[in-house]
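First comes the structure, then the notes that go with it.
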Amino acid sequence: MSIQAAAIEKGVLYVVATPIGNLGDMSPRAREVLAAVDRVAAEDTRRTGALLTHFGIKARQISLHEHNELEQVPALVARLEAGESIALVSDAGTPLISDPGYRLVAAARAAGIRVSPVPGPVAAMAALSVSGLPSDRFVFEGFLPAKGGARRQRLEALAGDPRTLIFYESSHRIAACLDDMAAVLGGERRAVVARELTKTFEQVQDGHLAELVAWLASNEDHGKGEFVVLVAGAPEASDAGVGPEAQRVLRLLLEELPVKKAAKLAAEITGVGKNLLYARAVEMKSG
1 MSIQAAAIEK GVLYVVATPI GNLGDMSPRA REVLAAVDRV AAEDTRRTGA
51 LLTHFGIKAR QISLHEHNEL EQVPALVARL EAGESIALVS DAGTPLISDP
101 GYRLVAAARA AGIRVSPVPG PVAAMAALSV SGLPSDRFVF EGFLPAKGGA
151 RRQRLEALAG DPRTLIFYES SHRIAACLDD MAAVLGGERR AVVARELTKT
201 FEQVQDGHLA ELVAWLASNE DHGKGEFVVL VAGAPEASDA GVGPEAQRVL
251 RLLLEELPVK KAAKLAAEIT GVGKNLLYAR AVEMKSG
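Be aware that the sequence shown starts at 1, since it is given in full-length UniProt numbering, and climbs by one per residue.
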């Protein structure tokens, strides 16, 4: 493929998306930009080098990852100010989405440098598009905390959010993650586990969280690869069926107890679902 040099502007930082698995998803424009820029700032130069070689692209690379971004940013901004064009790429997908690059983009913009997107795959959006969960309102949470206590605390803060929740997770923590989601959000909450998207062993499994915990444990292969976990949002309070009496009980309990304990006790007293009451309690506290 011939490269049109006129398509590349000097002194511009290009944020270039690359495939998340299937190399056929590499866009023609991404190939043109990577071949024509003066330098490619890569999260992993070996991985990006293999990608460039696959497409017959020769490019000068510089390493830019979470451990060296602070020290690399001034030099890269200086290169851009001197007229170099630079492409920013991550290991896979769109840079800055749970990947390095934020500091470079922020510094470039602060210096008056043009930052131009070359859009393409994003694992979170790919998973959402096939999940069957509501996509009109969603929140991307990236990776949950690695430690169990902090992870459960974050999930508790999200339990009443009515938007579809999107998370990334690794094979090392997917089992613990789903266990905590079922315990905190409720085993009956609808969810989807998307594994190895666009790759040979792609799987998109839906069900309630309790069912997904069992599905993961049923086959060791289900726990391999890279994961996107999507969880249905909490019911809107107006649609939740939390009547006036249940709300009165909940309000009284919230004066003395934390949200989670108040919701649990209110559920035992009124017979209304614990998750519905939790969602309403969160709204009461925030309101």
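All C-beta atoms, glycine included, are put in the ideal place defined by N, C-alpha and C. Since the structure is predicted, the reported quantities are computational estimates derived from the model, not experimental observations.
Here residue 126 has 197 as same chain residues with Cβ atoms under 6 angstroms from its own Cβ, once five neighbours each way along the sequence are excluded. For residue 206, the enclosing beta strand (DSSP E) begins and ends at 203–208. The distance from the Cβ of residue 166 to that of residue 105 is about 22 angstroms, inconsistent with a contact at the 8 angstroms cut-off. Here DSSP, grouped into helix, strand and coil, assigns residue 190 to strand.
Counting along the chain, residue 286 sits inside the alpha helix (DSSP H) bounded by residues 274–286. In the structure shown, residue 135 falls within a coil segment according to DSSP collapsed to helix, strand and coil. Within the model, the alpha-carbon separation for residue 189 versus residue 253 is close to 25 angstroms. Looking at the DSSP output, residue 89 bridges to 42. Here DSSP, grouped into helix, strand and coil, assigns residue 8 to coil.
Taking one beta carbon from each stretch, the stretch 164–178 and the stretch 212–222 have 3 or more pairs nearer than 8 angstroms; the two touch. When C-alpha distances from residue 145 are compared across 157, 138, 136, the shortest belongs to 157. In this structure, the straight-line span from the alpha carbon of residue 201 to that of residue 124 is close to 18 angstroms. In terms of Cβ geometry, residue 57 and residue 31 form a close pair [threshold 8 angstroms]. Boundaries of the alpha helix (DSSP H) around residue 70: 69–81.
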